[in-house]
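Have a look at the structure below before the remarks.
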Amino acid sequence: MSFSSKPRDSNLASMHAVSPAKEFPSSHITKTAQQGILFESNTGDSHLDEHLGYIRNADWASTSLGPLESWSQDLIQLCQISLLDPNPRSLILGPDRILFYNEAYSELCGDRHPHALGQNVIEAWGEVAQDLISGPLETAERTGRRVQVEDQPLVYLRNGFLERVYVRWTIVPLAGYAQGVYVSLTDSTETMLAEKRRAAIRALNTAWNVVQDPLTFWQSIPQSLALDPFLFPFAFLYAAISDPDSEFSIDTSPEPTQAMRFKLEGAVGNSEITSHLPGELGPGHFELLSDLRDPLLFRSSEASKPSWSLSPQDCILCPISSNRSQKVIAYLFLGIDPKRPYNDAYREWMNEFTRCLSNAVTSALQSEEQVRNQRRRAAAAASEQHLLVTALANRDKEVVAVNEELQRTLEVVEMANVGVFNYDLDGRLIYANDAYSNMTGCQPEIMHGKELVFLDLTYPEDTEYLMPKWECAISGQSCTFEMRYRGPKNEGLWVLAAVVPVLKDGIVTSVSGCITNIQDTKLRETESAQRLQALERAKSWEQRFANFAELAPVAIFFGSQSHHHLSYCNRAWFEITGHPVVGFEQIDWSVIVYEEDLELVRSMWTEVIAANKAVSTQFRLRRRWSDGNGVVIGPVWVTASVLPEYKEDGSIKGIIGTMLDISALKFAETVQHMKAQEALEAKRQSSNFIDMVSHEIRNPLSAVFHCADAAQDTLADMLDLASRLGSTPKLESGNQLRELIANAVDSINTIISCTQHQKGIVDDILVLSKLDSNLLQITPSAVKITALLRDVEKMFEAEAQRSDVQLQTQAHPSLEELNVSWAMLDPGRVQQVLINLLTNAIKFCKKKQFRKVTIRAGASRIRPSENVLPDIDFVVAHSLHDSVYDSAEFESHSFYLWFTVEDTGRGMSAEEKTRIFARFSQGSARTETEYGGSGLGLFISRELSELQGGEIGVASTLDVGSTFAFFVKTHHIDAPASTKGLPIQLKQKTKKLSADINILVVEDNAVNQKVLRKQLTNHAYTVSVADNGLDCLDYLRTTKHWRGNPSSAPALSVILMDIEMPKMNGLEATKMIRQYEKEGKLMGHIPIIAVSANARQEQTNMALEAGMDDSIAKPFRIPDLVPKIERLAGWM
């Protein structure tokens, strides 16, 4: 469990029922320094001492953990780590999930501390922990993996009220303990709240920025706050009532706040509060708050309720004023979140919120003021325009009177920002006031200049519209019209032009007029037209969507925010669900959804609304689905995708969803799953069969190997005796005996060769099985190249001697040139390719007079198939494999390691070379008859080369010899600094004498047991035998390694442990031995070599995981086993 932390409460101790003063008995605190602070009574930290007192007084004895003094050193160490951690940490231990926590965690518990110590975590936290235990904790216990929970919201009683917190917590299963998890947590409450509050302010600013007048702004505030009921449980606003006839804005008017009346402009949230609010408050109601500048918290629990309070619950009063004045013009009452404390962060957010309100109301008031000024100027301009037109119309008056009136009018018009002009009959500008020049952008130099100059001040495309107006004016007719001037900066300006012809004696002498700026009016008209067009397009799209929805084969539906009611669904919805066609309000989900999936549909609906995100799921319907033949298969399956539907203000209105019938797809998935299971079962049976055949073949082969080796040794002794007879009178008998022995040795060599051939076939079958199943893995490790060559040479040394073949290994100069000594590669897979190539090379050299096989190794920066080995015809890879070194991490120091195996055998023709790398294929039928083989070795070598990022190829001349080459991709690595990868550490490097090595052979096969014992005895080892794992354990109890036995008891150096045995197999016996060593019943570490007829890597891995130190697969030869025995015997 993890919960938010809170500041240390100095009075916390007074809340606990168990007093820390009761110290743990001194008799139980006689622990060593290694036990840490858990048993200390004075650590120097009073809070920690207090917490330790609670821990020691907890009833641990009644739990699965037992008394405190019985705890293991590892558990005490883990407890000390958590106690010294300054962050909240807890341990949940044992099958009964007992809770242990540090001091920081105790501060989260409130009244639950210290009773929670030593209690079941669910009982300690009650309903708060119930949901968490059923999910993350059980997942961690079941999988053994870390589980993280991000920003988990929790509500629980703390500090005297239900508090909501957000936490991030991590559950880490404990390794090495019977059962338990380690829990660490981080408080993310302030981070989450800060983000929510910032998002709220951004959303409110966005909503308020489009408001242009104060009244709309006041009304928008409560509506905007309703978007988040957690931040604003309720809200209502009283704004000052302004005088519509006043020339001042409400914030700059001389009327003080206490003299103004306030009107309720909006209320949202708790209806018990908002429904009883008065619609208007008289002057003086907020008299005491007229000087308030910052938000004020009001507690309903305060003894004296102020007269201005209108809420029976806790709330925050926010005074609202513009940035231009300190005068308060509105009061906003905000309900506070009852599940969060009103702390500094909350207070700072309220201050920021109030500043945003001030900025927004300032903008609204300025917009209102601009509109009022524009109206005032427009009214004045219209009035002055009327006067001007009237003056111009009175052309029959005396010239002096007209001129005087005109001059007065021009002066007034100039003040009213109305442009006045006068053109002669040719269109030359003869008069223009400043307003006209400013609006049109005309310069003084154009006066009395170009004809029809007004066309230069307008847009060319408007000429066709303006010329008829000009013709009308010079013909003696007045006209009024709207037109555009380009303006001083070519920004375009709309004006209302009034044109009047000037008459003298009834004859038109010039054209005068005025222009008024109507740019704002035209912009509003354009916006209105655009909104009208958008509305018409929306109606058109709505109709098109309705037509689409009715014809669509996909079910489409709209749902309400609650109660799972539909507000719309199309025809396809009724067809897919089988619901009767009724009114939307009569649709019932419960009658169409499969009963077991009904809760899934409800949770999907709830998740869309609660999480505000799209959700997709699949569920079943009660309607039955039939295939194309009319056979009823089962319930209809549908896939549904649902997302929130939003209102214009951004709040969630309901849901929108689609539904598609996927019954056929589900049926196909079921059929596919059945077929896949059948294929897996067939594959499993095939694998079991291969394992069984391998096991049954390898067991007798192992006995054949051992008997052949024993016979060779016996014949060698007999040959020595026969040689001695050659120096006696029985010379003829000695020669005959040597001839018979030579024949027997040849027969034994034939037996060994055939057995090795049969072993190779079994190995190839296992590798081929893995290749076919894509189970063969490349496991790179650090390998010394020269050591790899020596191992291969050593492996074939005896066979080469028997075949009289000269075997030679060479390191190519390229290794030294590229400074290659060690490399990362899979030595087993590389050796497997070399073994196949060497086996073929030696086999094909046997019938040649000159017999020589040469192994070379070299390195190259580029692929060796690109002219590094020009004589080799490399086979094009039939499949692409990604090397483990293809990543950018190894690109700078990767290279290619190549090997060649050159022999002086029979060689091959060009036709034979095209077939040798195919599966179950050899160069010719003669090859199989004369030399034998399965046709798998080269195919497997090709696969292994390509799996390691390389290729394989051959160069061959008939009757001369062949050179096989392959390469793998690898990268440089430094020589390992130590042998820390070995299962146990070497304690002494001096080799023991064979007579000092005591071996226990655990083998259920009597023949193998007898032969192996004899062979090991011939190597001067002391050998004991056991028939199964139980007999092995019984024998160990008689050795000197068993605690309590005398030093004169039998010694034991190495155990050869068969894997598959009756009563107790080798894996179980090994685990018991390692457990005895851990418990101290067996002293020291007894090396164990796994012996198995199952050669799969998985079997080897199981043996090593069980605790064995090495392994060898049947059939094996004693020369292969002896180095392993002597290496492990040196560790005892």
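The sequence shown begins at 6 in my numbering and counts up one residue at a time. Backbone N, C-alpha and C define an ideal beta-carbon position, used for all residues, glycine too. Values in this document were obtained by computation on a predicted structure and should not be read as measured data.
**Asked** What is the C-beta distance between F900 and T968, in whole angstroms, given that I count them as a contact (C-beta under 8 angstroms)?
**Response** Not a contact, Cβ separation roughly 22 angstroms.
**Limits of the unbroken beta strand (DSSP E) element including W475** = Unbroken run through W475 is the alpha helix (DSSP H), 468 to 479; no beta strand (DSSP E).
**Limits of the alpha helix (DSSP H) - the one that T844 falls within** = 832 to 850
**Message:** Spatial neighbours of S32 within its chain, please: C-beta separation below 7 angstroms, excluding the five flanking residues on both sides.
**Reply:** In this predicted model, S32 has a pLDDT of only 40, less than 50, meaning its place in the structure is not dependable; the value taken from the coordinates is given anyway. Cβ within range, chain order: n/a, list empty.
**Asked** Does DSSP put L812 in a helix, a strand or coil?
**Response** strand
**Message:** I need the boundaries of the beta strand (DSSP E) containing R169, first residue and last residue.
**Reply:** 166 to 178
**Message:** Quick check on the DSSP output: the alpha helix (DSSP H) that includes F553 runs from which residue to which?
**Reply:** 524 to 556
**Asked** What residues in its chain sit with their C-beta under 7 angstroms from that of P227, if we drop five residues either side in the sequence?
**Response** A240, F241, L242, G271, A272, V273
**Prompt:** So, L293 versus L322, is the Cβ gap smaller than 9 angstroms?
**Reply:** no
**Request:** Ignore the nearest five residues each way along the sequence and tell me which others in T622's own chain have a CB closer than 7 angstroms to its CB.
**Result:** L605, M609, A645
**Message:** If you reduce the DSSP assignment to three classes, tell me which class A619 lands in.
**Reply:** coil
**Contact check, L706 vs A727, beta carbons under 9 angstroms** = no
**Message:** K1083 and A1111 - do their beta-carbons sit closer together than 9 angstroms?
**Reply:** no
**Message:** Relative to the C-alpha of V500, which candidate in M664, T463, E532, V507 has its C-alpha closest?
**Reply:** T463
**Asked** Taking Cβ to Cβ, would you say W903 is nearer than 9 angstroms to A960?
**Response** no
**Asked** Relative to the alpha-carbon of E494, which residue among R834, A534, N443 has its alpha-carbon at the smallest distance?
**Response** Note on residue identity: the sequence assigns Lys, not Glu, to residue 494. Cα-wise, what sits closest to K494 is N443.
**Item:** C-beta contact flag for A970 and T905 at 9 angstroms
**Value:** yes
**Asked** C320 and G340 look like a contact to me (Cβ under 8 angstroms); what is the Cβ gap, rounded to whole Å?
**Response** 5 angstroms
**Item:** Continuous beta strand (DSSP E) stretch holding T157: start and end
**Value:** It should be pointed out that residue 157 corresponds to Gln in this sequence rather than to Thr. Per DSSP, Q157 belongs to the beta strand (DSSP E) from 152 to 163.
**Prompt:** Per DSSP, what kind of secondary structure is G1049 in: helix, strand or coil?
**Reply:** coil
**Message:** What does the Cβ neighbour count give for W354, buried or exposed, with the cut at 16 atoms within 10 Å?
**Reply:** buried
**Message:** For I334, report the span of its beta strand (DSSP E) as first-last.
**Reply:** 333 to 340
**Prompt:** With which residues is F303 paired in a DSSP beta bridge?
**Reply:** C320
**Request:** Check whether the region 865 to 881 touches the region 827 to 843, counting contact only when three or more Cβ pairs, one atom from each stretch, lie closer than 8 angstroms.
**Result:** no
**Asked** E252: buried (16+ other C-beta within 10 angstroms of its C-beta) or exposed?
**Response** exposed
**Item:** Close-in-space but distant-in-sequence residues of the same chain around K789 (CB under 6 angstroms, 5 per side omitted)
**Value:** W827
**Message:** I'd like the span of the alpha helix (DSSP H) that includes M444, first residue to last.
**Reply:** 439 to 445
**Asked** So what's K799 in DSSP terms, helix, strand or just coil?
**Response** helix
**Asked** W65 and G123: beta carbons closer than 9 angstroms?
**Response** yes
**Prompt:** CB-CB under 6 angstroms to T1148, same chain, minus the five flanking residues each way: which ones, in chain order?
**Reply:** Any property of residue 1148 remains undetermined from this structure, which presents the chain solely from 6 to 1137.
**Message:** Within a Cβ cutoff of 6 angstroms, which residues of the same chain sit near I4, ignoring the five residues on either side of it in sequence?
**Reply:** A query on residue 4 cannot be resolved here, the shown segment of the chain reaching from 6 to 1137 and no further.
**Prompt:** Got a sec: does the ligand HEM put a non-hydrogen atom nearer than 8 angstroms to the Cβ of R868?
**Reply:** With respect to small molecules bound, the structure shown includes none, and the ligand HEM cannot be examined in it.
**Item:** First and last residue of the uninterrupted alpha helix (DSSP H) at G659
**Value:** Counting along the chain, G659 falls outside any alpha helix (DSSP H), though it belongs to the beta strand (DSSP E) covering 657 to 666.
**Item:** Proximity to P100 [Cα-Cα], best of N125, G140, D79
**Value:** N125
**Request:** May I have the straight-line CA-CA distance separating E530 from P317, to the nearest angstrom?
**Result:** 48 angstroms
**Asked** According to DSSP, is N748 helix, strand or coil?
**Response** helix
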